[in-house]
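Undergrad: The structure follows.
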Amino acid sequence: MRWLPCLRIGTILLFLLCTALASLTLRAMNDSRRWMTASSDAMIGYALAERALQVDLLSLRAGLLRNYDPVNRDLAVARKNLAVLRSSFQRASSQRLVATLMRIGDRQEALVEQFKSSNALLQNSLTRFAVAGTSDAAAGDPLSARILRLTLDTSPQTVIEAEKALRRIPAARDGTPESQLLSHARLLVAVLPRIDGLLQSLRSLRTESRIVALQRAVQTDAEERMARVRTLQVTFGVLLLMFVTNILALLLVQHVAGRDLRAQAANERLNAAIATPLIDTEPANFIARIHEAMHRLALHIDATRLQLIIPDCTGNRLFSWPDTDPESDWLQRLVEAAGADSAWVGDRVIASRADDRRYPLLRRTMTAIGMDNLAMLRISEPCALVIGFEPKSLGFVERRDNLAGITSAIIAIAHGARREAMQVERERLERSLARAGRMETIGAMASGVAHNFNNIICAIRGFAELGQERTRAGSPGRTCFNEICAAADRASDLIDDILHFGKQDRATKQPVDLLGVLKQTVRLLAGATRSKRCFELQPSTHSRFPVLGAGSDLQQVFLNICNNAREASRGSPVTISIESAVLRNESQNAISGLSPGRYVVVRVRDAGPGIAESVRERLFEPFFTTKAAGTGLGLSTAWEIVQDHGGTIAVENMPDGGACFSVWLPELDARPETEAAAVAPSVGPSAPAAARQQRRRSCWLRSAFNPTGSG
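Shown next as C-alpha cells:
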C-alpha cells in the first residue's frame, strides 16, 4: 500500500486545485459579465450622448431650447462613458480608439463653446429683429425677407444676397430704431453662417463610424475574455475529472487496504491462537500443541494436506496434518527435489504440476505423491523450520499478505519449538546440576573420610613395618606383618578409588569460540531468570574470539560471575562485553598479572553498590562469602578455572557505581609463551593442590541459578 499516501496527498492537492480553479473560473465569469455589462452600457451611453448632443445643438440653433444644460449634460455623459471604456479595455488597439474618441470629445467641447457664444448673439439678434421687423416683413420689406431666408439657408449665395440687401438700405441715424435693426441684421448675416459652419464641423467629426469601431472593439474584448473563461472551464473540467478519477482510485486502494487489514487481523488472530498455547508448554504437551497449531493453520489457508519439519531444534521431528496422511515423508522428498531442481525462490517454492515444467524432478515427485499444487516455506530463525502444504488454489498463497501471515504463523511455531528445546535443555542441565550437587557432597565426604583413614592406615603400616624389621624372614611373625602391610596397601587403593569417585577428571581443552560460549550462557541465564532484560550482551567488533579451553568450564565461570552480578544489581540489567586486548608493557602486566601477548577480555558489569576494599582482598578465597546462604566456592572455583586456562580475573569498582569483573584469557592464535595448560602465577591465597582440585571439581557442577551456589 505504498501508493496510498501518494493518492491521499494527490487527492487533497487536486481538491485544492479544483477549488481554487473553480473560484478563479467563477470570478472570471463574473468579471467578464460585469465587464460586458459595464462596457456595453458605456458604449451605448456614449452613442446616445453623441446623438443627443447633435439634437440639442440643432434645437439650440432653432431656438427651441432656453439654456445649455442639455448640451453640457450630453458632453459630461460622453466624457464619463469614455473614461469607463478606457479603464475597461485591455487591448492596445481598443485603448488607442478610446484615446481618439476622447480627443474628439475635447474638439467637440471646444466647438460647442464657440457655438454657445455665437448662438447667444444669434438668438438675441433674432429676437430683436423679429420684434422690430415684423411689420416691415409684413409690408414686403426685402431685407426682412432676405434675413428670414438666411435663417433657413446660410449658403454663400444667400449670404451675398442678404449683404446686397443691407447695402441697398440707406444709412439711418445712430440711436434710432432703424439703426439698431440694421445692426442686428448685419450681426445675423455674420453669425448665421458661422453657427452653421460650427454645426457642420461638429458633424464632420464622424463619431458614428468610430462608435461602430467601438462596438467591434467591445465585441473583440468580450470574445477574448470569454475565450479565457472557456479555457478556465476546460481546465477545471480536466482537473475535476482527474479529481474524480483520483477519488475512485483512492476508494479502490482503500478497499484493497481494508482487505489487507482484514487479512492482517486474521493473521494476527491466527498467530495469537498458535503462539498462546505454545507459551510455557511442558515438553510432554509440546507435540499435541504443535498438532493443534497445524490444524488451525491448515484451516486458515484451506490446505488439503500439510507437513512440518523442524530439523535441528527437536531432533528432526516431522508433523503431519491430517494424521491419516498415507505419505508420511512427502515433504522431505519434495524438499530434496526442489533443492535438486533449484526451485527455491528465496525461502519459498510455489509450483503447480499442470503449469510448471521448469522443474522436472519436482514435477515427477508431485505426480508420485498425488499433489496438484505445492507451497513450501522455510525459515532459519529462531530455528530451522520447513513447512509444506497443498493449497486448493495457488492464488491464495501468491498474495503477499497471505504469505506474510503463513510466515508469521510458522515463526510462532518455531519460537515454540525453540522454547521447547530450551526447556528440555534446561531440564537436562538441572538434572546434571542436581547430580553435580550429589557428587559434591560425596566428594566432600570422601575427602574427609579418606583423610582420617589415611592417618589410621599410615599408623598401621608404620607399626607393621617396624614389626617386619624386628622379625626374621620366613617366621610366622614376619608373615603376619607382611599380610598387614598388604592389607594396608589394599586399603590405600580403596581410599584412592573413593577419592576418584568423589572427583571429576579435568576436561580436555580444545579451540573454543568464547563469543559463542557467552551467547549460550546469556540464553541459559535468560531462560533461568525468565527475563531477557536482566543480561545485555553488547555487540562486538569481531564475529569470533578463539581461545583454547574447556567450553563447559568457561561457561561455569561466566555462570557464577553473572549470577553474582544479577543478585547484586537487584533487577537492573547486567552488561556483558567482549573484546580483544594486547598486553605490551610491565605496567599493564602488573594490573592483570599476565605475560605479554594478546588476550580476550570478557567484562561483566553490575549495577550494585560495588565491592568494599576489605571484601575485595578475600574475594577469591575458598569458603569466603558475604551472603548468608552462600558457600564461598563460586568465585574461588571461577578463579581456579581461569587460572587453569592461563588467565586471570580482575575486579574493580566503577566511578559511576557498580563493580566490573574482567576475565582475561589468552587468544588461541597469540598465546603467551607459557604452555596453555599451565596454571598462571596465582595472585590469590595459596592452598594445597589436592584441596584446590577437589573444590574446583565439586563446585563446577553446582547450579549457577541456585542462590546458595556461588559466593
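The sequence shown lines up with residues 1419 to 2129 when you count with my numbering.
Glycine included, C-beta positions come from ideal geometry on N, C-alpha and C.
Measuring CA to CA, which of S1536, I2029, V2018 and D1492 is closest to N1982?
TA: I2029
Undergrad: Would you mind giving the Cβ-Cβ distance between A1456 and S1506, rounded to the nearest angstrom? I have them listed as a contact below 8 Å.
TA: 6 Å
Undergrad: Do the segment 1757-1774 and the segment 1686-1696 meet, that is, are 3 or more Cβ pairs less than 8 Å apart?
TA: no
Undergrad: Helix, strand or coil for R1771, going by three-state DSSP, please let me know.
TA: coil
Undergrad: What are the boundary residues of the alpha helix (DSSP H) that M1794 is part of?
TA: M1794 -> not in any alpha helix (DSSP H); beta strand (DSSP E) instead, spanning N1791 to I1797.
Undergrad: Below 7 Å CB to CB, which residues in the same chain sit around T1732 once its five sequence neighbours on both sides are set aside?
TA: Residue placement at T1732 is flagged as unreliable, the pLDDT there being 39, under the threshold of 50; the coordinate-derived value follows with that caveat. Counting only Cβ-Cβ distances below 7 Å, and skipping sequence neighbours, we find A1835, E1838 and A1839.
Undergrad: Scan the segment 1443-1496 and note each continuous alpha helix (DSSP H) run of 4 residues or more that stays entirely inside, going in chain order.
TA: none
Undergrad: What is the DSSP secondary structure of L1739, reduced to helix, strand or coil?
TA: Per the sequence shown, residue 1739 should be read as Trp rather than Leu. Strand.
Undergrad: Taking contact to mean 3 or more Cβ pairs, one atom from each stretch, closer than 8 Å, check whether the segment 1483-1497 and the segment 1446-1461 are in contact.
TA: no
Undergrad: Does the segment 1901-1912 come within contact of the segment 1992-2001, defined as at least 3 CB pairs closer than 8 Å?
TA: no
Undergrad: Give the single residue among L1599, V1607 and S1627 whose Cα lies nearest to the Cα of E1468.
TA: Taking only the C-alpha atoms, the option nearest E1468 is S1627.
Undergrad: Looking at C-beta atoms only, is the number of pairs between the segment 1946-1960 and the segment 1975-1990 that lie closer than 8 Å three or more?
TA: yes
Undergrad: Which runs of the alpha helix (DSSP H) fall wholly inside the segment 1796-1851 and span at least 4 residues, in chain order?
TA: 1812-1816
Undergrad: Taking the alpha helix (DSSP H) that L1932 belongs to, which residues open and close that run?
TA: L1932 to T1947
Undergrad: Would you decide whether C1424 is buried or exposed? Buried here means 16 or more other CB atoms lie within 10 Å of its CB.
TA: exposed
Undergrad: Taking just the CA atoms, how far does A1501 sit from L1432?
TA: 42 Å
Undergrad: Taking only the alpha-carbon atoms, compute the straight-line gap between G2052 and Q1956 and give it to the nearest angstrom.
TA: 25 Å
Undergrad: Quick one: Cα of L1717 to Cα of R1723, how far?
TA: 10 Å
Undergrad: Could you tell me if A1460 is buried or exposed, where buried requires 16 or more neighbouring beta carbons within 10 angstroms of its beta carbon?
TA: buried
Undergrad: Where A1906 and E1887 are concerned, what is the direct C-alpha to C-alpha distance, given to the nearest angstrom?
TA: Between the alpha carbons of A1906 and E1887 lies a distance of about 17 Å.
Undergrad: Going by the CB atoms, is the gap between L1442 and L1650 shorter than 8 Å?
TA: yes
Undergrad: Can you tell me whether DSSP reads P1423 as helix, strand or coil?
TA: helix
Undergrad: State the start and end residues of the unbroken beta strand (DSSP E) segment that holds V1763.
TA: Unbroken run through V1763: none, as it is neither H nor E.
Undergrad: Skipping 5 residues on each side, what residues in its chain have a beta carbon closer than 7 Å to that of L1795?
TA: D1765, R1766, I1805, I1824, T1825 and I1828
Undergrad: How is T1625 classed by DSSP in three states: helix, strand or coil?
TA: Looking at T1625 - three-state DSSP - the assignment turns out to be helix.
Undergrad: Helix, strand or coil: which one does DSSP assign to G1391?
TA: Examination of residue 1391 is not possible in this model, given that the chain is present from 1419 through 2129 alone.
Undergrad: Start and end of the alpha helix (DSSP H) containing R1586?
TA: P1574 to R1586
Undergrad: Output needed for I1665: all residues of its chain with C-beta closer than 8 Å, excluding positions within five of it in sequence on either side, in chain order.
TA: T1429
Undergrad: Three or more C-beta pairs under 8 Å: does that hold for the segment 1524-1533 against the segment 1612-1622?
TA: yes
Undergrad: Would you list the one or two residues that DSSP bridges to A1721?
TA: P1809
Undergrad: Indicate whether V2216 and V2060 have their beta-carbon atoms separated by less than 8 Å.
TA: Missing from the structure shown is residue 2216; the chain here goes from 1419 to 2129 and no further.
Undergrad: For a test of the three-state rule: what should DSSP assign to L2012, helix, strand or coil?
TA: coil
Undergrad: Please list, in chain order, all residues of the same chain as I2037 whose beta carbon is under 8 Å from its beta carbon, the five residues on each side excluded.
TA: As written in the sequence, residue 2037 is Leu, which differs from the Ile given in the question. Within the same chain, L2037 has close Cβ partners I2029, L2053 and V2069.
Undergrad: Using a Cβ-Cβ cut-off of 7 Å (strictly less than) and excluding sequence neighbours within five positions of R1497, which residues of its own chain qualify?
TA: G1523
Undergrad: Would DSSP call C1898 helix, strand or coil?
TA: Helix at C1898.
Undergrad: Would you be able to state if there are at least three C-beta pairs under 8 Å between the segment 1773-1791 and the segment 1624-1641?
TA: Fewer than three beta-carbon pairs drawn from the segment 1624-1641 and the segment 1773-1791 are found closer than 8 Å, and the two stretches are therefore not classed as touching.
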